[in-house]
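So the sequences go chain by chain: A and B. Number 203 in numbering that gives the first Met the number 0 belongs to position 204 of the first sequence; there are no gaps in the numbering. Number 78 in numbering that gives the first Met the number 0 belongs to position 79 of the second sequence; there are no gaps in the numbering. Glycine included, every Cβ here is placed at the ideal spot set by N, Cα and C. Computed from a prediction, not measured in an experiment: that's the story for all the values here.
2 protein chains.
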Amino acid sequence: MTVATSIRTGRADDPTLAALQAELTGLLGDRVVTSLAVREQHGHTTTWLANQPPDIVTFPETTAEVAAIVAACARRKVPVIPFGTGTSLEGHLNAPHGGVSVDVSRMNRVVAVHAEDLDCVVQPGITRKTLNEQLRDTGLFFPIDPGADASLGGMVSTRASGTNAVRYGTMKDNVLALTVVTPRGEIVRTGSRAKKSAAGYDLTRLFVGAEGTLGIVTEITLRLHGIPEAIAAGICPFPSLKAACEAVILTIQTGLPVARIELLDEIQVKAVNAYSKLSLPVSPLLLLEFHGTEAGVSEQSRRFGEIAADHGGGPFEWATKPEDRSRLWQARHDVYWASLGLRPGARGLASDVCVPISRLAECLEETKRDIEESGLVAPIVGHVGDGNFHAGPLVMMDDPDEIARCEGFLHRLAERAIAMEGTCTGEHGVGQGKMKYLKAEHGEAALDLMRLLKRSMDPDNIMNPGKIVAA
Amino acid sequence: MTVATSIRTGRADDPTLAALQAELTGLLGDRVVTSLAVREQHGHTTTWLANQPPDIVTFPETTAEVAAIVAACARRKVPVIPFGTGTSLEGHLNAPHGGVSVDVSRMNRVVAVHAEDLDCVVQPGITRKTLNEQLRDTGLFFPIDPGADASLGGMVSTRASGTNAVRYGTMKDNVLALTVVTPRGEIVRTGSRAKKSAAGYDLTRLFVGAEGTLGIVTEITLRLHGIPEAIAAGICPFPSLKAACEAVILTIQTGLPVARIELLDEIQVKAVNAYSKLSLPVSPLLLLEFHGTEAGVSEQSRRFGEIAADHGGGPFEWATKPEDRSRLWQARHDVYWASLGLRPGARGLASDVCVPISRLAECLEETKRDIEESGLVAPIVGHVGDGNFHAGPLVMMDDPDEIARCEGFLHRLAERAIAMEGTCTGEHGVGQGKMKYLKAEHGEAALDLMRLLKRSMDPDNIMNPGKIVAA
């Protein structure tokens with residue numbers, strides 16, 4: 000598969016690009032931008048990959064405009080890269096072959112809320128925080144919380160999850176239907192508002208996690224959940240990572256419906272204490288949240304306390320006041336910034352393995368040992384109820400030796416997770432960064448099938464080329 | 000798309016078939032059968048469609064054997080139809096173009112149970128009851144329960160659900176990974192045992208619900224759940240369908256985690272009372288089940304009782320003893336047989352619409368009126384927590400006028416659900432029976448995309464041809 004090689008980033012003198020720009024300007028007026036600053040802002044994400052700006056940035060406001068942009072690009076075989084808020088972590092939004100960035104940030108409306116059906120219809124540019132603010136009066140909320148205030152379109156496309164996936168599932172489980180513009184510029188609706196359906200191929204799940212390589216999501220029907228009557232959160236220190244993991248396994252296995260169960264290793268706790276001005280006990284720590292009725296939450300908490308004590312954990316401390324709870328989860332969400340404080344001047348890199356929970360302790364311990372042996376500083380935080388954790392090396396980008404050690408570590412980490420029947424990415428997605436692990440993870444036959452899907456749906460490889468399986 | 004037209008059901012003198020049969024016999028010995036009785040048994044399901052037997056029936060025992068069968072068929076462009084237990088309802092297993100039935104009933108082992116990870120690996124021929132019997136000592140169970148003792152491979156392929164999907168989701172939500180033999184005879188593994196993954200296209204969900212038209216499932220990694228500590232079941236009569244529906248909406252909306260919430264209309268209740276020797280109150284009835292801790296179940300029950308009373312429902316009666324509970328759910332599972340008792344000599348047909356729950360009362364009432372105006376007898380039973388119900392006309396198959404009225408009714412029912420943003424099939428699948436509704440439900444663009452997927456993955460259209468989108 001190849002992309003039109005005449006297209007090169009920033010070549011304003013390219014006649015194809017000039018004609019495309021003229022056509023797009025005819026469609027969108029001043030919502031077509033080619034300034035370097037805006038192009039560079041759209042050519043990079045929170046990664047250590049180099050900036051690869053698109054040639055043109057567009058700001059459509061409707062599905063029809065997105066379809067017209069894609070059709071104009073398709074006729075000229077020019078790449079199209081969808082853009083939400085730019086918070087993705089694996090170079091999903093970079094434009095390695097140039098092309099047109101389709102920034103959906105102006106498509107940020109809640110189109111409809113169906114409170115009785117526990118669903119809503121949104122445009123892809125709305126962010127999760129804005130959505131939840133707009134839902135507040137309904138008594139409902141959208142639970143998926145990847146940390147960053149990402150756009151819902153981006154969250155669909157990376158199959159995002161985060162802290163409370165252990166209770167509410169991932170984007171895969173919370174999208175009922177999509178409207179998608181295909182690589183040919185056609186508009187496809189992938190499902191109804193029925194809660195379940197057996198009416199043919201699951202087109203919705205085909206686009207969830209496809210990272211914009213099969214089409215651009217322009218409307219999303221989301222499942223909502225009732226805001227729990229009672230919420231309780233707390234922290235529980237453990238003598239070792241292994242003890243904490245064993246408590247997690249038992250918690251999950253006994254079916255305690257924890258809403259969040261997050262692990263911080265002692266390095267991460269130190270960083271969080273310093274950054275968020277907390278005084279959490281400096282040891283492996285579980286942060287928990289329970290959702291339910293008053294009685295249910297109190298029962299869950301008591302049971303977890305017993306499980307923790309059986310594994311040498313405790314004391315289990317409650318954050319009963321909403322403001323203490325907010326502070327705790329804000330601190331959890333700020334771990335990236337907190338980590339940077341451990342090593343001023345360093346860049347924080349992300350990793351994202353996920354393993355069967357029975358292998359979690361082993362995987363974490365081997366990873367800790369590997370970090371030490373590699374001479375790296377890499378705090379660990381994990382959505383351990385799902386077996387998913389992030390070891391985030393802090394790297395001085397002017398030290399080639401350290402970069403090499405870091406690359407080696409990240410490589411071994413992905414291979415370790417795959418060898419334990421896990422995945423190189425639980426929630427961040429493949430983008431450019433994880434392409435090299437897909438063969439080991441899926442095998443050649445499955446990868447061939449992914450390539451076949453891509454080639455069939457996008458024969459000219461214009462849709463976010465250079466990501467997942469595309470050349 | 001065409002299938003090899005030289006292949007005709009039962010043409011033993013066809014040289015292509017003769018060569019294929021010889022090759023298959025070389026592979027499988029006496030596990031290749033061509034007797035009419037066995038072919039007819041594999042050419043029909045619980046439908047009113049005519050029997051369309053395959054030419055050859057095979058009984059493979061391993062993934063490698065399935066791959067060899069498919070490769071032999073692919074070389075000759077002969078259709079391949081996967082077969083589990085034959086309980087599907089829409090002609091999924093009929094062989095309209097002849098070909099080879101791949102009966103996986105001998106592939107019925109539990110390959111591995113990973114109790115700590117709440118997952119297991121099974122072969123596709125195992126049935127859900129056998130699986131749960133084999134899991135009993137682990138304290139875990141597989142919840143999806145479509146009523147019939149279906150094979151897990153069939154349940155994957157129809158995206159089955161059933162009575163407790165309202166709590167545990169459908170097959171879409173409970174399959175972690177698959178091994179699939181593709182139409183080219185290649186073996187693809189679609190995922191790992193990680194609880195979540197963002198590593199590329201969701202191949203698992205591509206095959207779940209594909210009804211064997213994209214490949215044959217030969218191994219399944221399933222999510223398991225802990226057997227609840229406490230289970231409570233009960234029945235609650237309502238003065239009208241509308242009142243029952245409104246109680247269901249409020250139950251779901253307040254987040255009460257009901258495990259089952261099933262509706263029977265008064266016709267269905269009469270049938271059940273007669274068949275199962277019960278004395279349920281003859282009015283619209285909800286059958287409920289709650290799973291949780293003792294305290295949780297008791298709280299859920301109390302809350303549901305309040306909601307029911309607010310809608311004129313009650314008294315809410317408990318089946319506290321396990322044997323009473325079993326009797327109640329056995330009666331629920333036997334509604335098909337019970338219905339037949341209402342009209343001896345009639346055939347019971349299945350319908351399977353699913354609508355957003357806010358439209359459920361309206362859809363049910365219009366459907367009841369339509370049944371009366373059509374002069375049909377059609378009891379209604381529904382997984383109403385999901386907005387899914389089955390109106391099952393009892394039809395004398397020797398009365399062309401009644402058959403015509405029934406066809407008209409079923410057609411209007413599907414169109415009614417689609418017009419209410421629902422689906423023509425919540426859990427039975429498309430097969431041959433629902434193909435005619437897909438355009439209205441999905442639109443031409445989505446249907447084109449389904450056709451593209453089918454054509455790309457199975458260019459010779461050998462894999463269960465004539466189902467879903469295939470010609």
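Handout entry: Alpha carbon of B:Asp12 to alpha carbon of B:Thr33, nearest angstrom
Key = 13 Å
Problem - B:Ser278, buried or exposed, once every other Cβ within 10 Å from all chains shown has been counted against 16 - result: exposed
Exercise for the section: Count the other C-beta atoms from every protein chain shown that fall within 10 angstroms of the C-beta of B:Leu35, then say buried if there are 16 or more, exposed otherwise. Expected result: exposed
Exercise for the section: Identify whether B:Ile260 lies in helix, strand or coil by the three-state DSSP scheme. Expected result: strand
Exercise for the section: Just confirm the distance between the C-beta atoms of A:His91 and A:Gly428, as a whole number of angstroms; I'd bet it's less than 8 Å. Expected result: At roughly 6 Å, the Cβ-Cβ gap stays under 8 Å, so A:His91 and A:Gly428 are in contact.
Problem - chain A residues whose Cβ lies nearer than 9 Å to that of B:His41 - result: Per Cβ cutoff of 9 Å: no residues; B:His41 is ~22 Å from chain A at best.
Exercise for the section: Just confirm the distance between the C-beta atoms of B:Val103 and B:Gly124, as a whole number of angstroms; I'd bet it's less than 8 Å. Expected result: 4 Å
Practice task
May I ask you to verify whether the region 353–366 of chain A touches the region 232–241 of chain A, counting CB pairs closer than 8 Å and requiring at least 3?
Solution key: Segments in contact, yes.
Practice task
Count the other C-beta atoms from every protein chain shown that fall within 10 angstroms of the C-beta of B:Ala231, then say buried if there are 16 or more, exposed otherwise.
Solution key: Taking a 10 Å sphere around the C-beta of B:Ala231, we find 16 or more other C-beta atoms and assign the residue as buried.
Handout entry: A:Leu139 versus A:Ala164: straight-line alpha-carbon distance, rounded
Key = 17 Å
Exercise for the section: Go ahead and label B:Ala418 buried or exposed: buried means 16 or more other beta carbons lie within 10 angstroms of its beta carbon, across all protein chains shown. Expected result: exposed
Practice task
Identify which residue in A:Ala469, A:Met106, A:Val257, A:Ala345 has its Cα closest to the Cα of A:Asp397.
Solution key: A:Ala345
Handout entry: Cross-strand partners of B:Ile215 (DSSP beta bridge)
Key = B:Val180
Exercise for the section: Locate the alpha helix (DSSP H) running through A:Arg108, then write down its first and last residues. Expected result: Premise fails: A:Arg108 is in no alpha helix (DSSP H) and is neither H nor E.
Practice task
Could you list which residues in chain A have their beta carbon closer than 9 Å to that of B:Val468, in chain order?
Solution key: Gly199, Tyr200
Practice task
Check distances from the C-beta atoms of the region 47–62 of chain A to those of chain B and list, in chain order, the residues that come in under 8 Å.
Solution key: none
Exercise for the section: Give the secondary structure of A:Ile226 by DSSP, where H, G and I count as helix, E and B as strand, and everything else as coil. Expected result: coil
Problem - alpha helix (DSSP H) segment containing B:Phe408, residue limits - result: 399–418
Exercise for the section: Could you list the residues in the region 406–428 of chain B with a C-beta less than 7 Å from some C-beta on chain A, going in chain order? Expected result: Glu420, Gly421, Thr422, Cys423, Thr424, Gly425, Glu426, His427, Gly428
Exercise for the section: Compute the minimum distance between the beta carbon of B:Pro392 and the heavy atoms of the ligand GDP, and state whether it is under 7 Å. Expected result: No copy of the ligand GDP occurs in the structure displayed, which carries no ligand at all.
Handout entry: Member of B:Asp457, B:Ala469, B:Ile186 whose CA lies at the smallest distance from the CA of B:Ala73
Key = By alpha-carbon distance to B:Ala73, the top candidate from B:Asp457, B:Ala469, B:Ile186 is B:Asp457.
Exercise for the section: Put B:Ser87 into one of helix, strand or coil per three-state DSSP. Expected result: coil
Practice task
Could you pull the start and end residues of the alpha helix (DSSP H) that B:Cys244 belongs to?
Solution key: That run of the alpha helix (DSSP H) goes 240–252.
Problem - For B:Trp317, the three-state DSSP class (helix, strand or coil) - result: strand
Problem - Listed by chain order, chain A residues near B:Asn387 by CB distance under 7 Å - result: Lys195
Handout entry: the region 332–340 of chain A touching the region 379–395 of chain A, judged by at least three CB pairs closer than 8 Å
Key = Touching, yes, given that three or more Cβ pairs across the two stretches are closer than 8 Å.
Exercise for the section: Determine the DSSP secondary structure at A:Met462, reduced to helix, strand or coil. Expected result: strand
Exercise for the section: Please confirm if the region 116–135 of chain A is in contact with the region 200–219 of chain A, defined as three or more CB-CB distances below 8 Å between the two stretches. Expected result: yes
Exercise for the section: For A:Val2, name the three-state secondary structure that DSSP assigns. Expected result: Caution applies to A:Val2, whose pLDDT of 43 falls short of 50 and renders its modelled position unreliable; the value that the coordinates give is listed next. DSSP places A:Val2 in coil when its eight states are reduced to three.
Problem - Contact check, A:Val352 vs A:Ala413, beta carbons under 8 Å - result: A contact, by the Cβ cut-off of 8 Å.
Problem - Selection from A:Ser338, A:Pro355, A:Arg105, A:Ser357 that minimises the alpha carbon distance to A:Leu348 - result: A:Ser338
Handout entry: Three CB pairs or more closer than 8 Å across the region 133–153 of chain B and the region 162–176 of chain B
Key = yes
Practice task
Confirm, please, whether the CB-CB distance from B:Leu23 to B:Lys55 is below 8 Å.
Solution key: Just to set this straight, residue 55 of chain B is Ile in the shown sequence, not Lys. Their beta carbons are under 8 Å apart, which means B:Ile55 touches B:Leu23 by this criterion.
Practice task
Use the C-beta contact count for A:Glu372: other C-beta atoms within 10 angstroms, 16 or more gives buried, fewer gives exposed.
Solution key: exposed
Exercise for the section: Grab me the residues of B:Asn173's own chain with a C-beta within less than 8 Å of its C-beta, minus the 5 sequence neighbours each way, in chain order. Expected result: Phe141, Pro142, Ile143, Tyr167, Leu221, Arg222
Handout entry: Beta-carbon gap between A:Leu117 and A:Leu130 smaller than 8 Å
Key = no
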